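>
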Amino acid sequence: MEFNKDILDMGITGRKGAANVENILFDLVFRHTKDMVFIMKVEEGPIFRYLFANESGIHRAGISHDSIGKTFQDALSADIAGKLQEEYTRFLSSNGTKSVFDASFEEDGKEFFGETILSAVRDQDGLIQYIVAITRDITAYLHEKNKIIESGQRYRSIVDHNLDAIFSISMDGQILESNPAAAKLTGFHEQQLVGSSIYELVSDLDFANFKGLVENTGNGQSLESLDCRFIHRKGYLLTLHIKTVPIIVFGEIKGIYVIIRDISEQSKNVEMIKYMAFHDQLTGLLNRRALLDKLNEQLFSPSRHEREFALISIDLDRFKYLNDSLGHLVGDEILKKAAARLLECQNDHCFVFRQGGDEFIILLLETTRKATAFFAQRILSMFKRSFYFNSQEYYISPSIGISMYPNDGKDAETLLKNADEALYRVKERGRAHFQFYRTGMSSSVNNILSIETHLRKAIEKKELSLHFQPQVDLMTGEATSFEALLRWNSKELGPISPGVFIPLAEDTGLIVPIGNWVIETACRQIKEWKRIGYEGFRVAINISPKQLQQPNFPAYLKAAMERHLIDPACLEIEITESSMQNTEEAAPVLKIIKNIGVTVSVDDFGTGYSSLSYLKKFPIDVLKIDQSFVKDISEKAKDAAIASAIIHLGKSLGVEVIAEGVETAGQAEFLAMEGCHKAQGYYFAKPVPPHELESTYLKLAMPALREYS
């Protein structure tokens with residue numbers, strides 16, 4: 001392709017050798033330049049006509065050599081021609097000021113993108129005669145640019161849609177950027193955050209730590225803190241988990257990312273869990289775990305040898321009875337009120353703990369034995385005030401045991417044990433007072449624990465037995481009824497007094513299985529005596545209040561008699577007045593037992609507060625005068641009068657009267673003269689094993705009757 005005269009008119013003429021330069025330039029532009037080069041003739045209209053196109057332009061623009069001399073509309077598709085026409089016309093309207101626009105084109109079926117620069121060629125009058133268009137392929141550049149844009153958008157998406165607050169800050173803490181989560185977290189708008197200092201958001205409590213975190217991150221370290229607090233716009237504190245990451249550009253730290261997660265709720269939960277771990281849920285007092293921590297803190301303190309402190313163990317007297325009688329709701333309320341009352345003592349040197357159940361511990365620091373005694377007396381005085389619940393008034397007294405550091409122990413376990421042993425001694429001696437630990441107390445307590453351990457195995461080891469004490473008819477001198485009394489001869493501990501192990505069995509609940517063993521053994525013995533041929537006797541067995549309260553007690557009693565084929569008339573149950581305090585429960589049970597045919601007797605009659613009302617409400621066959629009235633019956637007129645009144649009351653009601661604890665002839669004579677039916681005690685006979693009873697008191701049936709039976 002050759003330049004025509006128009007090209008020469010553009011000034012491509014010159015000095016000697018210009019033709020050679022022209023050829024070289026033409027060759028470079030036409031064949032070797034990868035950019036697309038076009039020269040367009042401007043005609044009226046305006047019309048733009050191809051005057052020149054290099055090889056790259058012809059090939060990539062999709063035109064041919066024949067397109068030279070043609071307009072856009074002649075050489076190109078209508079769509080592309082229209083876009084070019086618009087851009088070139090705009091260029092003319094701008095009076096030929098340099099113009100740049102993007103264009104797309106196809107090559108081998110693939111779309112490419114180009115950037116076109118338009119330049120004007122003017123004649124001598126300054127009119128635009130030609131437009132030179134150079135289009136550079138920027139496909140690769142656009143791809144890279146799009147990747148960068150996409151990468152930026154990905155980053156922005158991560159930042160903008162992140163649930164964590166993200167701040168971009170300068171090295172001095174100025175906020176450069178923040179995401180929506182940061183605005184939501186702090187309560188400020190993004191416009192308010194950008195440009196301000198992040199340090200303005202930090203609580204004074206954590207300012208130094210946060211500043212150090214930022215400064216260390218400025219040295220290139222990624223760091224985190226779990227307990228930094230920011231101030232919300234409304235003024236309340238936010239507990240935050242903060243991560244800081246240095247912003248590194250070409251190896252240089254340009255700023256810091258501060259990534260924040262709100263852990264206020266988690267922090268509250270952690271605090272709640274921590275609170276629950278060290279506090280009693282019912283009363284809110286510190287618990288045993290907190291007590292051990294506080295004790296160890298004192299015991300391992302550098303100044304521990306210079307300080308004396310007291311450990312005060314408190315137990316609410318008869319609380320279990322109150323809880324069982326009135327229900328756990330009332331019991332819990334009383335515990336909370338007792339805890340609140342003890343909390344009145346708490347200060348920097350006094351800490352109140354709930355050990356469990358109705359047991360409380362007070363740790364009294366920097367005290368003396370005298371001051372501790374005064375403090376214990378103060379607690380006793382506090383409980384003289386009654387408790388109210390649902391308009392009901394209740395009185396609860398505390399028993400208090402005290403151990404002193406370092407005299408009574410130098411470790412937590414010993415101090416606690418000795419305080420409990422002092423408390424046990426208080427309860428053993430009447431309750432409602434305080435006692436300091438004394439050396440030697442532990443031996444008696446340890447003995448009780450040993451007795452309990454062996455008592456739990458007494459039945460299976462066959463260490464229990466029944467002895468029988470006659471109840472003698474004061475008119476005839478004969479004995480037709482006998483009280484079965486429980487005895488325990490431990491293989492390891494030897495004989496144990498009933499006064500020791502019976503109360504222990506009551507406290508531990510062992511009295512129920514032991515009581516069932518007594519019923520079975522008594523029925524078995526009655527059956528054996530019947531088999532031998534003895535007749536006309538009745539055996540009385542003592543029934544614990546706890547055993548009587550068992551839902552299936554009457555059924556169990558009846559089943560035991562049926563198993564051993566014994567007549568109910570041969571059996572008598574002895575109950576105490578305490579068994580009848582709950583009239584609504586006890587009355588139906590005793591009526592069922594009475595209907596079975598078993599005799600019902602009341603032991604220790606006269607020691608309760610409502611003895612006469614019991615006679616009215618319960619089906620009672622026998623009254624047993626308590627030995628406390630019999631003991632001084634010969635010397636004290638009041639005791640004699642009471643015993644006489646009970647005897648006459650019983651006779652008038654048609655019930656049998658038996659006096660217990662008769663030890664002298666004078667006592668027996670008085671009772672006989674007053675008309676008492678029977679008496680039992682060491683004056684007549686001590687409790688004896690079954691074989692001794694057989695030879696002395698039991699009567700064989702007539703031979704004919706024995707053969708018949």
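Each residue of the sequence shown is one higher than the one before, counting from 1 in the numbering used here.
Note that the Cβ used here is the ideal one computed from N, Cα and C, for glycine as well.
Just so you know, these numbers come straight off a predicted model, no measurement behind them.
1) Cβ atoms of Asp411 and Leu292: under 8 Å apart, would you say?
2) Run through the DSSP bridge pairs and tell me what Arg229 is partnered with.
3) Thinking just about the alpha-carbon of each residue, which of Ala559, Ile532, Asn552 and Ile138 is nearest to the one in Glu585?
4) Could you confirm whether any beta carbon from chain C is found closer than 8 Å to the beta carbon of His349?
5) Measuring CB to CB, does Val539 end up less than 8 Å from Ala479?
6) Would Thr186 pass as a contact of Leu176 if the rule is Cβ separation under 8 Å?
7) What is the DSSP secondary structure of Cys523, reduced to helix, strand or coil?
8) Can you tell me whether DSSP reads Cys676 as helix, strand or coil?
9) Roughly how many angstroms lie between the CA atoms of Glu694 and Asp507, to the nearest whole one?
10) Closest by CA to Cys228, which one among Leu342, Thr244 and Gly220?
11) Among Gln471, Gln346, Leu311 and Lys491, whose alpha-carbon lies nearest the alpha-carbon of Glu435?
12) Is the number of C-beta pairs between the stretch 416-428 and the stretch 451-458 that are closer than 8 Å three or more?
13) Verify whether the separation of the beta carbon atoms of Ala659 and Ala641 is less than 8 Å.
14) With DSSP collapsed to three states, give me the class of Met404.
15) Rounded to a whole number of angstroms, what is the C-alpha to C-alpha distance between Leu653 and Glu344?
16) Output needed for Gly675: all residues of its chain with C-beta closer than 7 Å, excluding positions within five of it in sequence on either side, in chain order.
17) With distances taken from CA atoms, which of Leu322, Ile131 and Phe468 is nearest Leu84?
18) Less than 8 Å separating the beta-carbons of Ile711 and Ile242?
19) Could you check the C-alpha separation between Asp6 and Glu87 for me, to the nearest Å?
20) So, using beta-carbon positions, are Trp517 and Leu698 closer together than 8 Å?
21) Would you decide whether Ile620 is buried or exposed? Buried here means 16 or more other CB atoms lie within 10 Å of its CB.
22) Contact between the stretch 214-225 and the stretch 133-142 is defined here as three or more beta-carbon pairs at a separation below 8 Å; is this criterion met?
23) Would you kindly check if the distance between the Cβ of Val600 and the Cβ of Leu615 is under 8 Å?
24) To which residues of the same chain is Leu449 closer than 7 Å at the C-beta, ignoring the five residues directly before and after it?
25) In or out: Asp626 buried (at least 16 other Cβ within 10 Å) or exposed?
26) If you follow the alpha helix (DSSP H) that Phe629 is in, where does it begin and where does it stop?
27) Where Gln377 and His328 are concerned, what is the direct C-alpha to C-alpha distance, given to the nearest angstrom?
28) On the premise that Leu623 lies in contact with Val662, defined as a C-beta separation below 8 Å, what is that separation, rounded to the nearest angstrom?
29) Considering only residues of the same chain and omitting the five flanking positions on each side of Arg711, which have a CB-CB separation below 8 Å?
30) Buried or exposed, going by whether 16 or more other CB atoms sit within 10 Å of the CB of Ala643?
31) Counting only the same chain and skipping the five closest in sequence on each side, list residues whose C-beta sits under 7 Å from that of Ala75.
32) Buried or exposed for Pro302, please, with buried defined as at least 16 other CB atoms from any protein chain shown within 10 angstroms of its CB.
33) In terms of residue numbering, what span does the alpha helix (DSSP H) encompassing Val159 cover?
34) Quick check on the DSSP output: the alpha helix (DSSP H) that includes Asp420 runs from which residue to which?
35) Between Gly11 and Glu111, what straight-line distance do the alpha-carbon atoms span, to the nearest angstrom?
36) Give the straight-line distance between the Cα atoms of Arg15 and Gln124, rounded to the nearest whole angstrom.
Considering the structure as presented:
1) no
2) Thr239
3) Asn552
4) Note that chain C does not occur in the displayed structure, where there is just one protein chain.
5) no
6) No.
7) Secondary structure of Cys523 (DSSP, three-state): helix.
8) coil
9) 35 Å
10) Thr244
11) With the sequence shown as reference, residue 435 is identified as Gln, and Glu is not the correct amino acid for it. Considering only alpha carbons, the answer is Leu311.
12) They do not touch, by the three-pair rule.
13) no
14) Met404: strand per DSSP, three-state reduction.
15) 55 Å
16) Ile647 and Lys651
17) Ile131
18) Absent from the model: residue 711. The displayed extent of the chain is 1 to 709, so no value can be given.
19) For Asp6, the predicted structure reports a pLDDT of 47, less than 50, and the residue's modelled location is therefore unreliable. The matter cannot be settled from this model.
20) Leu698 sits away from Trp517, with the two beta carbons spaced by 8 Å or more.
21) Burial call: buried.
22) no
23) no
24) none
25) buried
26) Gln627 to Val630
27) 29 Å
28) Wrong, their Cβ atoms sit about 15 Å apart, outside the cutoff.
29) The structure shown does not extend to residue 711, since the chain spans only 1 to 709, so no value can be given for it.
30) buried
31) Tyr50, Ile63 and Ser67
32) A residue is called buried once 16 or more other Cβ atoms fall within 10 Å of its Cβ, and Pro302, having fewer, is exposed.
33) Thr139 to Asp160
34) Ala412 to Glu428
35) Summary for Gly11: the model assigns pLDDT 44, below 50, so the residue's position carries little reliability; its value from the coordinates is reported in the next sentence. Cα to Cα, Gly11 sits roughly 37 Å from Glu111.
36) With a pLDDT of only 48 at Arg15, under the threshold of 50, the placement of this residue in the model should not be trusted; the figure read from the coordinates follows. Answer to the nearest angstrom: the Cα atoms are 21 Å apart.
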